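K.L.:
FYI, the numbering for the sequence shown is -18 to -1, 1 to 136, going by mature numbering (1 follows the signal peptide of the UniProt record, and there is no 0).
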Amino acid sequence: MIYQVILPFFTLQMLASAMPQQHPRASGVEITSLAKNGTSTDGSGNVAAAGNLTPFGDIGIGCGINWKADTSYGGGLQAGSSDFGLGSGFTMTPNNIEIGAGIGMNTANASASINFKGARNGSVELVFESTTPIICTPGTKDGKSVLTCKTINA
């Protein structure tokens, strides 16, 4: 249950830290945030950078981690430019793992998200969403189940 609170909070925190800065600066990327707070049983940390990076233009990137004994540990990554955006995170509890990622292709006004849930008993759930029509084809490769999804008219 705690991961339902931590992951969204952490994702928003990293998104804010990873946004490109609007003040003028020399060309290049600089660390804009570096923080840690914790003990051996509970804590968090993050780093973020922003600036102008050839050939991408203004970028922002940030990541963070968190842990709490007997509860969970996790982390997240945010990155963005005028062309692409990425937000992702994971949480591990004693019995489950949850991973999510959102990807934006800004110039095409398209996005996709992937959410994975897995449990110690081996059960898995994978949800893929896209703003553009997709088709998924099941198959097998090397004795493993495979699902390949592609956009229809891209």
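C-beta atoms are modelled at their ideal positions from N, C-alpha and C, and glycine is treated no differently. Bear in mind that the values here come from a model prediction, so they are computed numbers and not experimental data.
Please return the same chain residues whose Cβ sits closer than 6 Å to the Cβ of G121, not counting the five positions on each side in sequence.
P.N.:
Here residue 121 is taken as the residue at index 139 of the sequence shown, counted from 1. Around G121: V128.
K.L.:
Quick one: residues in its chain with C-beta nearer than 6 Å to the C-beta of A86, no 5 flanking neighbours on either side, listed in chain order?
P.N.:
Start at 1 with the first residue of the sequence shown, and residue 86 comes out as number 104. It is worth fixing the name first, because residue 86 is Gly in this sequence and not Ala. Excluding sequence neighbours, G86 sits near G67 and S93.
K.L.:
To the nearest angstrom, how far is it from the Cα of I79 to the Cα of G62?
P.N.:
On the sequence shown, residue 79 is found 97 positions in, with the first residue counted as 1. On the sequence shown, residue 62 is found 80 positions in, with the first residue counted as 1. If I take the Cα positions, the gap works out to 25 Å.
K.L.:
Restricting to Cα atoms, I'd like to know which of G20, S112, S70 and Y55 is closest to A90.
P.N.:
As a position in the sequence shown, residue 90 is number 108, starting the count at 1. Cα-wise, what sits closest to A90 is S112.
K.L.:
If I measure Cβ to Cβ from G57 and keep anything under 8 Å in the same chain, skipping five residues before and after, which residues do I get?
P.N.:
If you number the sequence shown from 1, residue 57 lands on position 75. If we look at G57 and ignore the five residues flanking it on each side, its Cβ neighbours are F(-9), C45, G46, I47, N48, G71 and F72.
K.L.:
How about N28 and S15: do their beta carbons lie closer than 8 Å?
P.N.:
Taking the sequence shown and counting its residues from 1, the one referred to as residue 28 is at position 46. Taking the sequence shown and counting its residues from 1, the one referred to as residue 15 is at position 33. Closer than 8 Å, so yes.
K.L.:
Between which residues of its own chain and G100 is the CB-CB distance below 6 Å, once the five residues before and five after are set aside?
P.N.:
Here residue 100 corresponds to residue number 118 of the sequence shown, with the count starting at 1. So the qualifying residues of the chain are I79 and V106.
K.L.:
Measure the beta-carbon distance from I116 to T130 and round it to whole angstroms, keeping in mind my assumption that it falls under 8 Å.
P.N.:
If you number the sequence shown from 1, residue 116 lands on position 134. If you number the sequence shown from 1, residue 130 lands on position 148. At roughly 10 Å, the Cβ-Cβ gap does not stay under 8 Å, so I116 and T130 are not in contact.
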